[in-house]
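These notes concern the structure reproduced below.
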Amino acid sequence: MTTERTFRSPPRGSSPCRLVVLVSGGGSNLAALLSACQDPAYGAEVVAVGADRPGTGGERMAAEHGIPTFVERLSGHGTRAEWDAALTEQVRAHRPDLVVSAGFLKLVGATFLGAFGGRFLNTHNSLLPAFAGVHGPRDALAYGVKLAGATLFVVDEGVDTGAIVAQVAVPVHDSDTEETLTERIKVAERAQLVEHVGRMAREGWTVEGRSFRIGG
Ligand code: GRF
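Residue 47 in the working numbering sits at position 47 of the sequence shown, and the numbers go up by one each step.
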């Protein structure tokens with residue numbers, strides 16, 4: 001979001017917040033959301049899961065839960081803009097209140113952000129603005145930081161640059177490898193995602209430029 005834009009989640013009444021979750025991989029964040037959504041008091045339901053490639057663990061998991069799934073491959077379209085428009089329509093068809101990228105490894109474009117700006121979350125495995133991009137834990141280790149972590153943010157036009165919803169830190173141990181650090185981050189990341197999506201679902205949220213807050 002640029003500094004001037006404001007988004008306020010509309011009041012939803014008593015119906016659960018409709019989540020569409022986008023995945024590219026194993027889907028451990030999706031699993032955590034699905035588990036939280038079992039409790040009606042959580043205030044949200046996953047109404048669809050979308051992927052950018054067939055055969056993801058996330059898609060399988062959704063199908064096992066009886067949740068509608070869709071796949072929109074970039075390679076199935078002549079241009080990135082066409083893919084972005086097709087993805088937008090797939091997501092729109094499920095009338096989401098909130099869209100969550102849970103390890104979705106594609107950058108969306110202007111059409112998608114025009115439709116879902118202010119209500120599209122991503123979780124990234126570094127303490128932004130440090131170590132944006134696809135190798136957060138590897139880059140954090142290489143730099144020698146003593147604290148790593150995860151950032152939940154509202155997606156904007158940049159790469160991992162949107163307004164920050166929440167951050168959680170974990171220690172980096174001398175013995176860490178990329179794998180052990182990634183795993184430690186993921187545990188904290190999942191808890192953070194579940195907590196904040198639930199609060200947003202129950203209490204609403206506001207984005208004003210770079211500032212995010214729960215509530216109106
Ligand atoms: C998360 O750690 C996220 O930060 C990164 O990809 C991972 C997704 O994991 N971009 P999963 O597919 O939810 O298990």
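The beta carbon of each residue, even a glycine, is placed where N, CA and C say it ideally should be.
Looking at Lys186, His173 and Asp156, the one whose alpha-carbon comes closest to that of Thr6 is Asp156. Non-local beta-carbon contacts of Phe70 in its own chain, meaning distances under 6 Å to residues more than five positions away in sequence, involve Gly50 and Gln90 in chain order.
Judged by beta-carbon spacing, Asn125 lies within the 9 Å limit of Thr182, meaning their Cβ atoms are closer than that value. Every alpha helix (DSSP H) of 4 residues or more that sits fully in the stretch 109-143 is shown, in chain order, as 110-116 and 136-143. Under the DSSP definition of a beta bridge, Ser211 partners with Glu208. Annotation: the continuous alpha helix (DSSP H) that includes Arg202 extends over Glu178 to Glu203. Partner residues in a beta bridge of Leu107, as assigned by DSSP, do not exist.
Between the ligand GRF and Ser24, a heavy atom-to-CB distance of less than 8 Å is present. Going by C-alpha positions, Leu105 is about 30 Å away from Ser15. Thr6: member of the beta strand (DSSP E) spanning Thr6 to Arg8, first to last residue. By the neighbour-count criterion, in which a residue is buried when 16 or more other Cβ atoms sit within 10 angstroms of its Cβ, Ser101 is buried. Between the alpha carbons of Pro171 and Arg184 lies a distance of about 9 Å.
Selection Val165, Val134, Val187 and Leu98 evaluated against Glu45 yields Leu98 as nearest (Cα-Cα). Per DSSP, the unbroken alpha helix (DSSP H) holding Thr88 starts and ends at Arg80 to Arg92. Shown here for Ala41: not one same chain residue has a beta carbon closer than 7 Å to its own, the five before and five after excluded. Listed in chain order, the non-local C-beta contacts of Gly118 below 6 Å within the same chain comprise Phe7 and Val207, local neighbours out to five positions each way being set aside. Put simply, of Phe116, Val194, Ala86 and Leu22 the residue whose alpha carbon is nearest the alpha carbon of Val154 is Phe116.
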